[in-house]
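Student:
Protein chains: 4
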Amino acid sequence: MTVFSWPVRVYVEDTDFGGVVYYANYLRFCERARTEWLRAKGWSQAALADERGLIFSVVSAQVNYRRPARLDDELVVTCEPRVDGRASLRFAQRILRGEELLADADVRVACLVAGTLRPTRLPDFVVAEVA
Amino acid sequence: MTVFSWPVRVYVEDTDFGGVVYYANYLRFCERARTEWLRAKGWSQAALADERGLIFSVVSAQVNYRRPARLDDELVVTCEPRVDGRASLRFAQRILRGEELLADADVRVACLVAGTLRPTRLPDFVVAEVA
Amino acid sequence: MTVFSWPVRVYVEDTDFGGVVYYANYLRFCERARTEWLRAKGWSQAALADERGLIFSVVSAQVNYRRPARLDDELVVTCEPRVDGRASLRFAQRILRGEELLADADVRVACLVAGTLRPTRLPDFVVAEVA
Amino acid sequence: MTVFSWPVRVYVEDTDFGGVVYYANYLRFCERARTEWLRAKGWSQAALADERGLIFSVVSAQVNYRRPARLDDELVVTCEPRVDGRASLRFAQRILRGEELLADADVRVACLVAGTLRPTRLPDFVVAEVA
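Residue numbers (my numbering), protein chains in the order written: chain A, 279 to 409; chain B, 279 to 409; chain C, 279 to 409; chain D, 279 to 409.
#1: Of all Cβ atoms in chain D, is any one closer than 9 Å to the Cβ of C/Phe295?
#2: Can the beta-carbon of D/Phe369 be found less than 9 Å from the beta-carbon of D/Arg386?
#3: Using three-state DSSP, classify B/Asp402 as helix, strand or coil.
#4: One question on the structure: do D/Thr356 and D/Ala311 come within less than 9 Å of each other, judged by their Cβ atoms?
#5: Scan the region 333 to 351 of chain B for residues whose Cβ lies nearer than 7 Å to a Cβ of chain A and list them as they occur along the chain.
#6: So which residues of chain B does A/Glu309 contact, with C-beta pairs closer than 7 Å?
#7: Taking the beta strand (DSSP E) that B/Leu367 falls in, what are its first and last residues?
#8: Is D/Pro285 buried or exposed, if buried means 16 or more other CB atoms sit within 10 Å of its CB?
#9: To which residues of the same chain is D/Phe282 closer than 6 Å at the C-beta, ignoring the five residues directly before and after it?
#10: Could you list the residues in the region 281 to 292 of chain A with a C-beta less than 9 Å from some C-beta on chain B, going in chain order?
#11: Please list the terminal residues of the continuous beta strand (DSSP E) segment that includes C/Ala302.
#12: How many whole angstroms separate the CB atoms of C/Val341 and A/Ser338, which I take to be in contact at a CB cut-off of 8 Å?
#13: Please confirm if D/Ala406 has its CB atom under 9 Å from at least one CB of chain B.
#14: If you draw a straight line from the C-alpha of B/Leu353 to the C-alpha of A/Leu367, how long is it?
#15: Could you round the C-beta distance between C/Leu305 and A/Leu305 to whole angstroms and report it? I think they count as a contact, below 8 Å.
#16: Once you ignore the five residues that flank A/Arg345 on each side, which residues in its own chain have a CB closer than 6 Å to its CB?
#17: Shortest alpha-carbon distance to A/Val288 belongs to which of B/Ser335, B/Phe295, B/Arg399 and B/Pro359?
#18: Within its chain, find whatever has a CB closer than 8 Å to the CB of B/Asp382; leave out the 5 residues flanking it on each side and keep chain order.
#19: Taking a contact to mean a Cβ-Cβ separation below 9 Å, would you say C/Glu309 touches B/Glu291 in this structure?
#20: Determine the direct distance from the alpha carbon of A/Gln323 to that of B/Ala318, and round the result to whole angstroms.
#21: Compute the Euclidean distance between the alpha carbons of A/Thr394 and B/Gly320, then round it to the nearest angstrom.
#22: Bridge partners of A/Pro359, per DSSP?
#23: For chain A, is any of its Cβ atoms less than 9 Å away from the one on B/Ala365?
#24: Can you tell me whether A/Ala388 is buried or exposed? The criterion is at least 16 other CB atoms within 10 Å of its CB, across all chains shown.
#25: Suppose contacts are defined by Cβ-Cβ distances below 9 Å. Is C/Ala302 in contact with A/Asn303 by that definition?
#26: Between which two residues does the beta strand (DSSP E) holding B/Leu349 run?
#27: On a CA-only basis, which of A/Val405, A/Ala406, A/Glu407 and A/Thr398 is nearest A/Gly331? Give me that one, please.
#28: Consider the Cβ of B/Tyr304: report whether some Cβ of chain A lies at a distance smaller than 9 Å.
#29: Could you give the C-beta distance for A/Leu400 and A/Val361, rounded to a whole number, given that I count them as a contact under 8 Å?
#30: Counting only beta-carbon atoms, is C/Thr313 nearer than 9 Å to chain B?
#31: Among the candidates A/Val298, A/Val404, A/Thr293 and A/Tyr300, whose CA atom is the shortest distance from the CA of A/Gly363?
#32: Is A/Gln323 close to chain D? Criterion is C-beta to C-beta, closer than 9 Å.
#33: Could you tell me whether the Cβ atoms of A/Val299 and A/Asp351 are closer together than 9 Å?
#34: Could you pull the start and end residues of the beta strand (DSSP E) that A/Leu395 belongs to?
#35: Return the first residue and the last residue of the beta strand (DSSP E) that D/Leu326 is part of.
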């Protein structure tokens with residue numbers, strides 16, 4: 279199985295006064311990779327909301343910061359989803375600079391009905407993709 | 279007439295690798311001051327949308343950067359609105375550290391109907407406040 | 279013992295297209311509270327770096343998202359630090375809207391020598407404050 | 279002459295509660311395009327600082343917001359630099375969605391000595407590139 283990965287370039291906007299990427303911004307990078315994974319499967323979050331009435335919402339996120347990313351770095355963010363119960367997905371994610379692991383994250387995302395924000399079953403196509 | 283002003287503390291999130299506030303973030307600070315000016319008049323953007331069906335939308339922004347703001351700085355952001363035609367406001371804003379002018383901005387904001395996004399007349403209470 | 283807490287107002291910049299605070303931004307709010315806790319003890323991060331040659335760096339962060347924060351919300355962010363070994367602190371943090379718990383976080387922060395980025399013992403004044 | 283352009287995808291992090299890109303974030307997109315223009319000429323900001331002791335600093339920015347960008351949009355940001363005196367560059371920039379102009383910006387950037395932050399002459403290679 280191939281792991282989905284997405285390139286991210288570090289710009290000035292991502293850095294802080296320490297000369298490194300600000301710690302909250304790794305979660306932005308992780309979301310970009312999850313969004314592109316979904317897009318690679320043929321879906322956008324906007325389309326899911328419009329056509330299926332479903333939204334994905336982050337329930338928890340755990341990030342381990344191992345080495346700092348810096349301005350101009352070309353990072354790769356990986357995304358390995360798995361089904362976690364009937365109504366949520368869990369993404370193992372890594373942020374790499376070449377072979378070097380800079381950070382890893384474990385992000386749990388619930389599937390909700392757009393109107394009520396109640397949990398609902400994952401759509402079949404998602405389950406099929408990650409099973 | 280007193281000029282409305284709002285304090286802003288600079289946190290790590292606001293800085294970039296140069297050790298100063300990232301240039302786009304001055305526009306965040308300006309919006310906080312405009313929002314608090316509106317709140318001081320008894321209105322929130324959410325309430326305006328819900329109760330009057332109106333939203334404010336930035337049409338143009340001009341910022342002059344004079345001296346950099348730094349981590350831990352206690353800034354003051356001023357906000358001087360004036361009516362600019364029937365359907366827009368113009369805010370002269372300054373970002374100060376004590377007596378020192380760090381940046382100034384000129385921000386034009388249009389009043390729109392929430393549903394259609396068409397320009398509409400400023401509500402009377404706004405005109406009365408800034409006239 | 280009183281828990282340190284810091285107020286945070288939600289502005290447009292903090293929200294996303296879902297009408298709620300973007301998930302990474304809760305980590306910004308948490309850092310503001312940690313920064314203000316340190317400041318309440320008489321220290322800024324800048325002063326620690328300049329005078330002691332020490333920086334604090336986040337090693338891991340775990341966030342649980344329970345209910346969404348929204349535009350205009352007045353939040354309170356708490357910060358309960360404890361010593362975690364000789365060279366790091368661990369902060370239990372909560373984000374509240376009134377009595378309602380919106381999110382909680384567990385953030386581990388290492389004390390590093392500014393030049394080498396090697397772990398070093400927490401300064402005594404910090405240990406004294408959190409013991 | 280070809281105009282330099284750079285693609286930008288809109289992610290959740292870029293949007294606000296109005297469902298559109300937050301107004302300050304257009305300046306982020308503009309900086310990405312300027313950075314990539316410089317990189318296309320063989321230079322990064324980090325390398326300019328390290329090897330030449332020069333930094334570029336935004337002096338003023340004017341943005342006109344014409345139509346909102348939305349989640350998932352694939353934008354193109356253009357970047358047309360010209361010399362503006364001996365010590366600064368001026369970038370005409372546009373943000374497009376297909377043929378549609380969403381915003382345009384005029385950004386003036388000064389060339390400074392890294393240590394003193396005093397204005398200094400643009401390096402010859404930059405003048406040669408934009409003349």
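We treat Cβ as the ideally placed atom computed from N, Cα and C, and that holds for glycine. All figures in this text were calculated on a predicted structure; none of them were measured in a lab.
Tutor: So, to answer that:
#1: In the third sequence, the residue the question calls residue 295 of chain C occupies position 17. Yes, C/Phe295 lies at the interface with chain D (some Cβ there is under 9 Å from its Cβ).
#2: Mapped onto the fourth sequence, residue 369 of chain D falls at position 91. Mapped onto the fourth sequence, residue 386 of chain D falls at position 108. Cβ distance < 9 Å, so D/Phe369 and D/Arg386 count as in contact.
#3: Stepping through the second sequence from its first residue, residue 402 of chain B is reached at position 124. Per DSSP, reduced to three states, the secondary structure at B/Asp402 is helical.
#4: As a working mapping, residue 356 of chain D is identified with position 78 in the fourth sequence. As a working mapping, residue 311 of chain D is identified with position 33 in the fourth sequence. Contact: yes.
#5: Here the close residues are Leu349.
#6: Numbered from 1 along the first sequence, position 31 holds the residue referred to as residue 309 of chain A. Within chain B, no residue comes near A/Glu309; the closest Cβ sits about 17 Å away, beyond 7 Å.
#7: The residue you call residue 367 of chain B lines up with position 89 of the second sequence. Taken as a continuous stretch (DSSP letters only), the beta strand (DSSP E) holding B/Leu367 covers Ser366 to Arg375.
#8: Taking the fourth sequence and counting its residues from 1, one reaches residue 285 of chain D at position 7. Under this definition D/Pro285 is an exposed residue.
#9: Translated into the one-based positions of the fourth sequence, residue 282 of chain D becomes position 4. Cβ neighbours of D/Phe282 beyond the five flanking positions: Trp315 and Cys357.
#10: Val290, Glu291 and Asp292
#11: In the third sequence, the residue the question calls residue 302 of chain C occupies position 24. Element bounds for C/Ala302: n/a, residue is neither H nor E.
#12: As a first step, residue 341 of chain C is located in the third sequence; it is residue number 63 there, counting from the start. As a first step, residue 338 of chain A is located in the first sequence; it is residue number 60 there, counting from the start. Right, their Cβ atoms sit about 6 Å apart.
#13: The residue labelled residue 406 of chain D in the question sits at position 128 within the fourth sequence. Not an interface residue.
#14: For the purposes of this step, residue 353 of chain B is taken as residue 75 along the second sequence, with counting starting at 1. For the purposes of this step, residue 367 of chain A is taken as residue 89 along the first sequence, with counting starting at 1. So the alpha carbons of these two residues sit roughly 43 Å apart.
#15: Within the third sequence, numbered from 1, the residue matching residue 305 of chain C stands at position 27. Within the first sequence, numbered from 1, the residue matching residue 305 of chain A stands at position 27. With 8 Å as the limit, C/Leu305 and A/Leu305 qualify as a contact, their Cβ atoms being about 7 Å apart.
#16: Counted from its first residue, the first sequence places residue 345 of chain A at position 67. The residues are Leu380.
#17: Within the first sequence, numbered from 1, the residue matching residue 288 of chain A stands at position 10. When each option's Cα is compared against that of A/Val288, the closest is B/Phe295.
#18: Sequence index remark: in the second sequence, residue 382 of chain B carries index 104 (1-based). Val341, Asn342, Arg344, Ala370, Gln371, Arg372 and Ile373.
#19: Along the third sequence, read from residue 1 onward, the residue named residue 309 of chain C stands at position 31. Along the second sequence, read from residue 1 onward, the residue named residue 291 of chain B stands at position 13. Cβ distance < 9 Å, so C/Glu309 and B/Glu291 count as in contact.
#20: The residue you call residue 318 of chain B lines up with position 40 of the second sequence. The residue you call residue 323 of chain A lines up with position 45 of the first sequence. Taking the straight line joining both Cα atoms gives about 37 Å.
#21: Within the first sequence, the letter at position 116 stands for residue 394 of chain A. Within the second sequence, the letter at position 42 stands for residue 320 of chain B. About 30 Å.
#22: Residue numbering aside, residue 359 of chain A sits at position 81 when the first sequence is read from its first letter. The partner list for A/Pro359 (beta bridge, DSSP) reads A/Phe369.
#23: The residue given as residue 365 of chain B occupies position 87 in the second sequence. Closer than 9 Å: no.
#24: For the purposes of this step, residue 388 of chain A is identified with residue 110 of the first sequence, where counting begins at 1. Flag for A/Ala388 reads buried.
#25: Residue 302 of chain C sits at position 24 when you count from the first residue of the third sequence. Residue 303 of chain A sits at position 25 when you count from the first residue of the first sequence. Annotated as proximal: C/Ala302 and A/Asn303, with beta-carbon spacing under 9 Å.
#26: Looking up residue 349 of chain B in the second sequence gives position 71. Careful: B/Leu349 lies outside any beta strand (DSSP E) and carries neither H nor E.
#27: The residue given as residue 331 of chain A occupies position 53 in the first sequence. The shortest Cα separation from A/Gly331 among A/Val405, A/Ala406, A/Glu407 and A/Thr398 belongs to A/Thr398.
#28: As a first step, residue 304 of chain B is located in the second sequence; it is residue number 26 there, counting from the start. Output row for B/Tyr304: interface = no.
#29: Position 122 of the first sequence, counting from 1, holds the residue named residue 400 of chain A. Position 83 of the first sequence, counting from 1, holds the residue named residue 361 of chain A. Confirmed, Cβ separation roughly 7 Å.
#30: Counting from 1 along the third sequence, the entry for residue 313 of chain C is found at position 35. Chain B, which has a Cβ nearer than 9 Å to the Cβ of C/Thr313, makes this yes.
#31: Locating residue 363 of chain A in the first sequence gives position 85, counting from the first residue. Residue A/Val404 is the option with its Cα nearest to A/Gly363.
#32: To locate residue 323 of chain A, count along the first sequence from 1; it is residue 45. So yes, A/Gln323 belongs to the interface.
#33: Residue numbering aside, residue 299 of chain A sits at position 21 when the first sequence is read from its first letter. Residue numbering aside, residue 351 of chain A sits at position 73 when the first sequence is read from its first letter. Yes, the Cβ-Cβ distance between A/Val299 and A/Asp351 is below 9 Å.
#34: Counting from 1 along the first sequence, the entry for residue 395 of chain A is found at position 117. No beta strand (DSSP E) contains A/Leu395, which DSSP labels as neither H nor E.
#35: On the fourth sequence, residue 326 of chain D is found 48 positions in, with the first residue counted as 1. Segment: none, D/Leu326 is in no beta strand (DSSP E) and carries neither H nor E.
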